[in-house]
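Colleague: Listed in order, the protein sequences are those of chains F and H.
Heads up, the first sequence is in the numbering used here, so the first residue is 255 and it goes up one at a time.
Heads up, the second sequence is in the numbering used here, so the first residue is 255 and it goes up one at a time.
To start, I am sharing the structure in question, which I have written as structure tokens.
Protein chains: 2
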Amino acid sequence: MTRTTRIVSLNRYLPTGRVEPEHFTIRTKELPDLTDGEMLLRPIAFSVDATLRGQLTGQDNYFAPQVPLGEAVTGIAVSEVVESRHPDHQPGDRVVGLVEWADLSVWPPRTDWIGLTKLDPRVRKPSHALGVYGLLGGLTAHTGIIEAGQVTAGETVAVSAAAGNVGSLAGQIARIRGARVIGLAGSEQKRKILTEDLGFDAAVDYRAPDLAEQLRALAPDGPDLYFDSVGGRVSQTVMGLMRRPARVVVCGLISTYDDDTAWTVNIKPLFANGLTLQGYTPVQFHDALPAALDHLVDWVETGQLIPLETERHGLEALPGAISGLYRGENIGKMVVTVP
Amino acid sequence: MTRTTRIVSLNRYLPTGRVEPEHFTIRTKELPDLTDGEMLLRPIAFSVDATLRGQLTGQDNYFAPQVPLGEAVTGIAVSEVVESRHPDHQPGDRVVGLVEWADLSVWPPRTDWIGLTKLDPRVRKPSHALGVYGLLGGLTAHTGIIEAGQVTAGETVAVSAAAGNVGSLAGQIARIRGARVIGLAGSEQKRKILTEDLGFDAAVDYRAPDLAEQLRALAPDGPDLYFDSVGGRVSQTVMGLMRRPARVVVCGLISTYDDDTAWTVNIKPLFANGLTLQGYTPVQFHDALPAALDHLVDWVETGQLIPLETERHGLEALPGAISGLYRGENIGKMVVTVP
């Protein structure tokens, strides 16, 4: 008996421009029989990540492979094992890894650049494995602030996309580390959450025409560290205000994903102010990751670190969720759960 | 009796474009009488530095002040004290500091952003105080390789403008530190000096159409450190080839001085390759400077570090010397001496 599943497939490539829900179609496909080493997984929480943008351009110059047209988008998810021909995993196990955006997904999917792990038993809510404990979430924030950023007590740290998943965690980790934290966020609601719920010292609107003046008033000597996941005009402004020698730590450049020219940066402030601009990925600090995860679990359990989530429901919510992510509709981790 | 001196004065500002000898005029001006704290200096060795470019734009956004039109260019020089109303310096003393480009210069000049020091008695040739022992020379190279670059034995270091003053010293210091050194230089003669006289492991033509392939052949994993004083297209190429995580240390961007748009860098390789781009000036590492000078003296005395110089003669040679510097006419330190 053939079994089928719904998948979210890509209609066309977008070298530049904004990702819209209509770039995706939900369709049905047949599931193959499992061979040795394979499993059938049922995703229960999909991670919606900005990094997907680089897999939708049709240009093979990204660290992750392009999504083939008409085939399922792949992404990280927490899944339940439905059937297993893999020696290490039994039906009912919960695992974290790359799956197709589908009701049911054969693992490994057509390409796997992540690897599969069992869900850590300390994770109380499955989606936390994607957000606060995720490689592209808490571990990116932790390694960025601690390893790349080397933040010390008393420093001033500015954080872009501060109400996003990585930014909200990076700012809180800097605060736990004893730094003064200024968050950049685009809505009144987000800024209120940063200062009232997450303990940020200040929050400013990155769209404000007097952004430079506001930042100068909050930090007359300038920030010591700028934790950036956005890039573009805002970052250029912040870079011009930093005290010397200061550090800019870059874990992503979400403002540039729709516009390839926005990857260019005028580095005059770097040179003139003795700044250091460091691009990094958490994988680069792999030896530090187990201890980082221990810290994150401890901080969440003791209430020092608050994981924010924007949760949507059902496979059909995925196209709108990824599109909404680039519009800043999320507060904290954007996740799509399936009951 | 009024005394006069010849000065090299600036005719017009150059926001962009190439510095030519005709942008300067040699004219005569009267010397004022000295007041308390002042001295009359006779420069015997003028330092010809790329940093002057930023003082010729007419735009007041540089770390050093603009040269007023019709007045003397100022620059670092070794001088003899002719007359002194300064308590610390007697006639006949040799000092290093900012002077007017003139036969005789009243110190302090109209602005002094450097400070005056006595010529270190260990300096055997006055011009060495400007090159191998100079703040914009050996001390920039030393702090760039050791403090900013943190070069360790066995690493591969690429150096731009490797036959220039800072580049030739930076490459040699990296070699002394146990690194493998690849120099970029624009002429056959320069490349020959690098590999045959200065102990560079390889030298390549930065203008070669197959620059990337040549570098890949010399360093299949890519350089660990790129010591850059040039910027622009060449740096972009090197940044795309480096192993991760690697460092780019920037002490100047000579290719951009004539063209403000060239300050922009596509930082995709930084982000994608986990690179760190660090702008620095030696002043930032002021605590390390005395020990750095001791190292430099020791290495020169023991023949491990060879200071290269391009020496021209007489005040009237200064306009051609600064213009020639931007054309790459120098090998090592460009200096104008006065007998």
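Glycine included, every Cβ here is placed at the ideal spot set by N, Cα and C.
1) Along the alpha helix (DSSP H) that carries Gln594 of chain H, what are the first and last residues, could you check?
2) Could you have a look at Glu325 of chain F and say whether DSSP puts it in helix, strand or coil?
3) Could you give the C-beta distance for Ser441 of chain F and Leu562 of chain F, rounded to a whole number, given that I count them as a contact under 8 Å?
4) In its own chain, which residues sit with a C-beta less than 6 Å from the C-beta of Val435 of chain F, not counting the 5 before and 5 after it?
5) Which stretch, first to last residue, makes up the alpha helix (DSSP H) that contains Trp553 of chain F?
6) Grab me the residues of Val335 of chain H's own chain with a C-beta within less than 7 Å of its C-beta, minus the 5 sequence neighbours each way, in chain order.
7) Thr406 of chain H versus chain F: which residues are under 9 Å apart at the beta carbon?
8) Answer with buried or exposed for Asn584 of chain F, where buried requires no fewer than 16 other C-beta atoms within 10 angstroms of its C-beta.
9) Give the interface partners of Ala526 of chain H over in chain F, defined as CB-CB distance under 7 Å, in chain order.
10) Are the beta-carbon atoms belonging to Leu393 of chain F and Leu579 of chain F less than 9 Å from one another?
11) Apply the 10 Å Cβ neighbour rule to Arg266 of chain F and answer buried if 16 or more other Cβ atoms are within range, or exposed otherwise.
12) Go to Ile522 of chain F, then tell me how far its alpha helix (DSSP H) extends in each direction, as first and last residue.
13) With a threshold of 6 Å on Cβ separation, who are the neighbours of Ser359 of chain F within its own chain once the five nearest residues in sequence on each side are excluded?
14) Quick one: give me the first and last residue of the alpha helix (DSSP H) that Val488 of chain F is part of.
15) Could one say the Cβ of Leu310 of chain F lies closer than 9 Å to chain H's Cβ atoms, at least one of them?
16) Based on Cα-Cα distance, which residue from H:Ser414, H:Pro536 and H:Thr491 lies nearest to Ser483 of chain H?
17) Can you name the residues that DSSP bridges to Gly472 of chain F?
18) Check distances from the C-beta atoms of the region 529 to 546 of chain H to those of chain F and list, in chain order, the residues that come in under 7 Å.
19) For a quick check, are the C-beta atoms of Ala542 of chain H and Ile368 of chain H less than 9 Å apart?
20) May I ask which residues mark the beginning and end of the alpha helix (DSSP H) holding Ala594 of chain H?
21) Given a cut-off of 9 Å on the beta-carbon distance, is the pair Leu310 of chain H and Val321 of chain H in contact?
22) Does Pro477 of chain F come within less than 9 Å of chain H when only Cβ atoms are used?
23) Can we say the region 379 to 391 of chain F touches the region 401 to 408 of chain F, given the rule of at least three CB pairs closer than 8 Å?
24) If you drop the 5 nearest sequence neighbours on each side, which residues of the same chain put their C-beta closer than 7 Å to that of Pro363 of chain H?
25) For the pair the region 531 to 542 of chain H and the region 526 to 537 of chain F, tell me if three or more CB-CB distances fall below 8 Å.
26) Label Gly291 of chain F either buried or exposed according to how many other C-beta atoms from any shown protein chain fall within 10 Å of its C-beta, with 16 as the threshold for buried.
27) Which class does Glu334 of chain F belong to by DSSP, given the choice of helix, strand or coil?
28) From the DSSP output, which residues share a beta bridge with Pro297 of chain H?
29) Looking at the secondary structure, which residues open and close the beta strand (DSSP E) in which Ser359 of chain H lies?
30) Can a CB atom of chain F be found closer than 9 Å to the CB of Arg498 of chain H?
31) Give the secondary structure of Ile280 of chain F by DSSP, where H, G and I count as helix, E and B as strand, and everything else as coil.
32) Could you tell me which of H:Arg498, H:His277, H:Val503 and H:Leu569 sits nearest to Leu268 of chain H, measuring between CA atoms?
33) Would Glu409 of chain F be called buried (16 or more neighbouring beta carbons within 10 Å of its own) or exposed?
34) Could you give the distance in angstroms between the alpha-carbon of His340 of chain F and the alpha-carbon of Val332 of chain F?
35) Using the beta-carbon of each residue, which ones in chain B are nearer than 8 Å to Thr518 of chain H?
36) Spell out whether any CB of chain F is found under 9 Å from the CB atom of Val302 of chain H.
Modeller: Result, derived from the coordinates:
1) Any answer about residue 594 of chain H is impossible in this case: the structure gives chain H only from 255 up to 593.
2) If DSSP states are grouped into helix, strand and coil, Glu325 of chain F belongs with coil.
3) 14 Å between Cβ atoms; not a contact.
4) Val411, Gly425, Ala428, Arg429, Phe454 and Asp455
5) Leu543 to Glu555
6) Met293, Leu295, His343, Gln344, Pro345, Gly346, Asp347 and Val349
7) For Thr406 of chain H, no chain F residue has a C-beta closer than 9 Å to its own C-beta; the minimum C-beta separation is roughly 18 Å.
8) Under this definition Asn584 of chain F is a buried residue.
9) Phe317
10) no
11) exposed
12) Note on residue identity: the sequence assigns Lys, not Ile, to residue 522 of chain F. That run of the alpha helix (DSSP H) goes Lys522 to Asn527.
13) Leu295 and Val353
14) Gly486 to Met493
15) So no, Leu310 of chain F is outside the interface.
16) Comparing Cα positions, the closest option is H:Ser414.
17) For the record, residue 472 of chain F in the displayed sequence is Leu; it is not Gly. In the DSSP output, where bridge partners are listed per residue, Leu472 of chain F has none listed.
18) The residues in question are Leu529, Thr530, Leu531, Gln532, Gly533, Tyr534, Thr535 and Gln538.
19) no
20) Examination of residue 594 of chain H is not possible in this model, given that chain H is present from 255 through 593 alone.
21) yes
22) no
23) no
24) Thr328, Leu352, Val353 and Glu354
25) yes
26) exposed
27) Note: Glu334 of chain F maps to strand in three-state DSSP.
28) H:Ser333
29) Ser359 to Trp361
30) So, interface residue.
31) strand
32) Across the set H:Arg498, H:His277, H:Val503 and H:Leu569, the C-alpha of H:His277 shows the shortest separation from the C-alpha of Leu268 of chain H.
33) buried
34) 17 Å
35) Among the protein chains in the structure shown, which are F and H, there is no chain B.
36) Not closer than 9 Å to any Cβ of chain F, the Cβ of Val302 of chain H fails to qualify, so no.
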